[in-house]
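Asks: Numbering (the numbering used here), first residue to last: 286 to 741.
All C-beta atoms in this analysis are idealised placements derived from N, C-alpha and C, irrespective of residue type, glycine included.
A quick note: this is a predicted structure, and the numbers were derived from the prediction, not measured.
What follows is a structure written as structure tokens; I'll ask about it next.
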Amino acid sequence: MIGVPLDKMREACGVVAVYTEDIAAPMVHRALFELQHRGQEGAGIVSTEVDGTLHVAKGLGLIADALPYRRIEELPGSNAIGHCRYSTVDPDLSIQPFVATTPYGRLAIAHNGNIKNAPELHSRLESRGALLSTALDTELLVHLIAQSQAPDFPSALRSMAAEAVGAYSLTMICNGRIYALRDPNGLRPLVNEVVKTGWVIASETCALDALHATYVREIEPGELVTIGPEGVEARQLLTPAAPAPCVFELVYFSRPNSTVFGQSVNSARIRMGMELAAADEEAGLEPPDLVIPVPDSGVPAAIGYSRRSGVLYEKAILRSHYVGRTFILPDQDSRTSQIELKLSVVKASVQGLRVMLIDDSIVRGNTSRQIVQMVRDAGAAEVTMRVASPPLAWPCYLGIDTPDRDELVINRAGSVERVAELIGVEDLRYLSLDGLRRAAGGQDYCRACMTGEYPV
Ligand code: SF4
Numbered sequence: 286m287i288g289v290p291l292d293k294m295r296e297a298c299g300v301v302a303v304y305t306e307d308i309a310a311p312m313v314h315r316a317l318f319e320l321q322h323r324g325q326e327g328a329g330i331v332s333t334e335v336d337g338t339l340h341v342a343k344g345l346g347l348i349a350d351a352l353p354y355r356r357i358e359e360l361p362g363s364n365a366i367g368h369c370r371y372s373t374v375d376p377d378l379s380i381q382p383f384v385a386t387t388p389y390g391r392l393a394i395a396h397n398g399n400i401k402n403a404p405e406l407h408s409r410l411e412s413r414g415a416l417l418s419t420a421l422d423t424e425l426l427v428h429l430i431a432q433s434q435a436p437d438f439p440s441a442l443r444s445m446a447a448e449a450v451g452a453y454s455l456t457m458i459c460n461g462r463i464y465a466l467r468d469p470n471g472l473r474p475l476v477n478e479v480v481k482t483g484w485v486i487a488s489e490t491c492a493l494d495a496l497h498a499t500y501v502r503e504i505e506p507g508e509l510v511t512i513g514p515e516g517v518e519a520r521q522l523l524t525p526a527a528p529a530p531c532v533f534e535l536v537y538f539s540r541p542n543s544t545v546f547g548q549s550v551n552s553a554r555i556r557m558g559m560e561l562a563a564a565d566e567e568a569g570l571e572p573p574d575l576v577i578p579v580p581d582s583g584v585p586a587a588i589g590y591s592r593r594s595g596v597l598y599e600k601a602i603l604r605s606h607y608v609g610r611t612f613i614l615p616d617q618d619s620r621t622s623q624i625e626l627k628l629s630v631v632k633a634s635v636q637g638l639r640v641m642l643i644d645d646s647i648v649r650g651n652t653s654r655q656i657v658q659m660v661r662d663a664g665a666a667e668v669t670m671r672v673a674s675p676p677l678a679w680p681c682y683l684g685i686d687t688p689d690r691d692e693l694v695i696n697r698a699g700s701v702e703r704v705a706e707l708i709g710v711e712d713l714r715y716l717s718l719d720g721l722r723r724a725a726g727g728q729d730y731c732r733a734c735m736t737g738e739y740p741v
């Protein structure tokens with residue numbers, strides 16, 4: 286197992302599409318490895334030939350297990366799409382791309398996001414006679430497309446979007462063409478790149494570096510990109526709504542080496558740390574002796590804090606990359622021992638010092654409490670914490686796996702001071718909403734998990 290976060294919100298999916306003169310599936314496969322952080326419970330690739338025949342490979346687990354090379358070699362065709370996902374329902378059935386026969390031809394669809402009015406759509410489609418075989422909201426999109434009676438596939442997508450409310454970055458194959466569509470709010474990322482032999486579209490730019498692709502631009506909210514034998518066509522299929530890209534892509538989900546929503550993820554995270562340091566400076570707080578990132582997601586913010594404040598930075602908490610996931614273990618005792626197995630503190634670095642831990646976010650708080658205790662046990666004289674995002678108080682309905690409201694530590698505790706007590710630190714401060722906005726480049730974002738103000 287590769288390293289998986291301990292107490293984090295979980296990104297739901299990664300998508301990719303390749304249109305090339307070569308065989309596309311190995312390129313999609315390579316790109317999926319780079320998107321593995323966006324989904325680790327299943328993956329699939331669908332390729333197509335000129336006649337529209339679809340070839341499918343899917344499996345459960347990490348890319349290497351789900352899609353071994355021998356299966357990729359069996360996928361012919363110069364177009365392919367891929368998907369990796371987390372799943373909370375129907376793990377066997379929910380691996381994408383989803384494949385179906387529609388009036389527009391054989392369709393394969395890979396979806397990053399979440400349809401907020403899925404229960405309503407489910408009932409509506411069933412009352413119209415649709416036979417639904419999974420609990421996947423992606424299947425609802427397919428039925429909406431199939432039932433649309435629109436004259437062509439792009440019009441069917443427009444009709445689907447008129448009924449489906451929520452987040453979707455889609456890559457699709459229909460009749461030998463690649464399509465990519467982003468929802469009108471642009472909630473989840475989707476970028477367009479060019480390679481020597483064709484085009485690549487993916488959730489993040491990091492997926493494309495391995496293919497030596499050149500970044501072209503982000504696909505705009507509501508924009509449809511079509512790639513076929515006649516070339517690339519981009520058009521504004523859906524009327525754009527108020528822009529609401531997910532700010533948590535910059536806080537935590539996306540890889541630091543990606544550019545997302547026009548921002549370098551790593552630079553944005555460093556700025557979040559600098560904002561935290563500036564706020565402490567403004568509050569006249571005495572700086573700690575040492576800044577320590579909670580691995581690995583706290584690293585850029587801790588670097589930023591150190592840069593701005595001049596406080597020494599050290600990676601004094603080490604993470605083992607050979608321990609499995611914590612969230613598959615059944616009880617709290619097992620989780621505790623897993624965290625101790627997974628993380629260790631460099632005693633010589635913290636003994637007798639006033640240390641500040643920096644993390645990107647706190648969700649339930651259990652892991653933070655254990656890490657704080659480990660640092661204390663290692664001999665730190667004082668432990669404080671800074672969090673590079675505002676408190677997470679609301680669930681996400683837009684493609685991110687979050688716990689129920691009453692499981693979120695800020696709601697359980699009722700105040701930041703009480704969270705500090707629960708996790709056992711002398712002082713705890715979060716990044717302000719304004720600080721986050723500045724660090725994220727000053728544009729409008731979805732911040733609903735922090736404010737409760739949902740964009741759709
Ligand atoms: Fe992202 Fe939070 Fe909005 Fe969900 S609610 S899309 S995690 S910012």
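Within 10 angstroms of the Cβ of Ala447, are there 16 or more other Cβ atoms? Answer buried if so, exposed if not.
Replies: exposed
Asks: How many angstroms separate the CA atom of Ser543 from the CA atom of Ala553?
Replies: Cα-Cα distance, rounded: 11 Å.
Asks: Compute every distance between the C-beta of Phe546 and the non-hydrogen atoms of the ligand SF4, then say whether any falls below 6 Å.
Replies: no
Asks: When burial is assigned at 16 or more other CB atoms within 10 Å of the CB, is Ala725 buried or exposed?
Replies: Burial check for Ala725: the Cβ neighbour count within 10 Å reaches 16 or more, so the residue is buried.
Asks: I think Leu425 touches Ala452, with their Cβ atoms under 8 Å apart; what is that distance to the nearest whole Å?
Replies: Actually they are not in contact, since the Cβ atoms of Leu425 and Ala452 sit about 14 Å apart, beyond 8 Å.
Asks: State yes or no: is the C-beta of Ala752 nearer than 6 Å to some heavy atom of the ligand SF4?
Replies: Given that the chain is displayed from residue 286 to residue 741, the structure contains no residue 752 and the question cannot be resolved.
Asks: Are the CB atoms of Asn399 and Leu683 nearer to each other than 7 Å?
Replies: yes
Asks: Can you tell which of Thr736, Pro361, Ser700 has its C-alpha closest to the C-alpha of Ala309?
Replies: For the residues Thr736, Pro361, Ser700, the minimum Cα distance to Ala309 belongs to Pro361.
Asks: The ligand SF4 and Val532: does any heavy atom of the ligand fall closer than 6 Å to the residue's C-beta?
Replies: yes
Asks: Does DSSP classify Asn477 as helix, strand or coil?
Replies: The answer is strand: DSSP assigns Asn477 an E or B state.
Asks: I'd like the list of long-range same chain contacts for Asp292, defined as Cβ closer than 8 Å, with 5 residues on each side in sequence excluded.
Replies: Ile647, Val648, Arg649, Gly650, Asn651, Thr652, Ser653
Asks: Near Asp729, which residues of its chain fall below 6 Å by C-beta distance, leaving aside the five closest residues on each side in sequence?
Replies: The beta carbon of Asp729 is closer than 6 Å to those of Pro528 in its chain, skipping five residues each way along the sequence.
Asks: What distance in whole Å lies between the Cβ atoms of Ile486 and Thr333, which are believed to be in contact at a cut-off of 8 Å?
Replies: Between Ile486 and Thr333 the Cβ distance is about 15 Å, and since that is not below 8 Å, they are no contact.
Asks: Would the C-beta of Cys298 count as close to the ligand SF4, meaning under 6 Å from any of its heavy atoms?
Replies: Not so, every heavy atom of the ligand SF4 lies at least 6 Å from the Cβ.
Asks: Could you please give the first and the last residue of the uninterrupted alpha helix (DSSP H) stretch that includes His428?
Replies: 422-431
Asks: Quick one: what does DSSP say Cys731 is sitting in, helix, strand or coil?
Replies: strand
Asks: Taking the Cβ atom as the reference point for each residue, do Ile463 and Ala302 lie within a distance shorter than 7 Å?
Replies: yes
Asks: How close, in whole Å, do the beta carbons of Glu667 and Glu711 come, if the pair is a contact with beta carbons under 8 Å?
Replies: 5 Å
Asks: Would the beta-carbon of Thr456 fall within 7 Å of that of Glu306?
Replies: no
Asks: What do you reckon, is the C-beta of Ile685 under 6 Å from a heavy atom of the ligand SF4?
Replies: yes
Asks: Going by the CB atoms, is the gap between Gly589 and Gly637 shorter than 7 Å?
Replies: no
Asks: Give me the DSSP bridge partner(s) of Arg714.
Replies: Arg671
Asks: Quick one: Cα of Phe612 to Cα of Arg323, how far?
Replies: The predicted position of Phe612 is uncertain, since its pLDDT is 45 and thus under 50; a value taken from the coordinates is nonetheless stated next. Their Cα atoms are separated by approximately 16 Å.
Asks: Find the nearest neighbour of Pro585 within the set Ser412, Glu566, Glu560, judged by alpha-carbon distance.
Replies: Glu560
Asks: The beta strand (DSSP E) that contains Asn397, what's its start and end?
Replies: 390-400
Asks: Within 6 Å: the Cβ of Cys369 and any heavy atom of the ligand SF4?
Replies: no
Asks: Would Arg714 pass as a contact of Arg671 if the rule is Cβ separation under 7 Å?
Replies: yes
Asks: Leaving aside the five residues before and after Pro740 along the sequence, list all residues of the same chain whose C-beta is less than 6 Å from its C-beta, in chain order.
Replies: Asn470, Ala529, Cys731
Asks: Per the DSSP calculation, Ile577 is bridged to which residue(s)?
Replies: Leu642
Asks: Quick one: using the 10 Å Cβ neighbour count with 16 as the cut-off for buried, is Glu319 buried or exposed?
Replies: buried
Asks: Count the other CB atoms, across all protein chains shown, that sit within 10 Å of the CB of Thr511; report buried if there are 16 or more and exposed otherwise.
Replies: By the neighbour-count rule (16 or more Cβ atoms within 10 Å), Thr511 is buried.
Asks: For Arg370, does the three-state DSSP call read helix, strand or coil?
Replies: Reduced to three states, the DSSP call for Arg370 is strand.
Asks: Hey, Val300 and Ser488 are a contact pair by Cβ (cut 8 Å); roughly how many whole angstroms apart?
Replies: Taking the Cβ atoms as the reference, Val300 lies roughly 5 Å from Ser488, within the contact range of under 8 Å.
Asks: So what does Ile602 bridge to, in DSSP terms?
Replies: According to DSSP, Ile602 bridges with Val630.
Asks: What number of angstroms, rounded off, separates the C-alpha of Leu721 from the C-alpha of Pro680?
Replies: 19 Å
Asks: By how many angstroms is the C-alpha of Ser629 removed from the C-alpha of Pro541?
Replies: 23 Å
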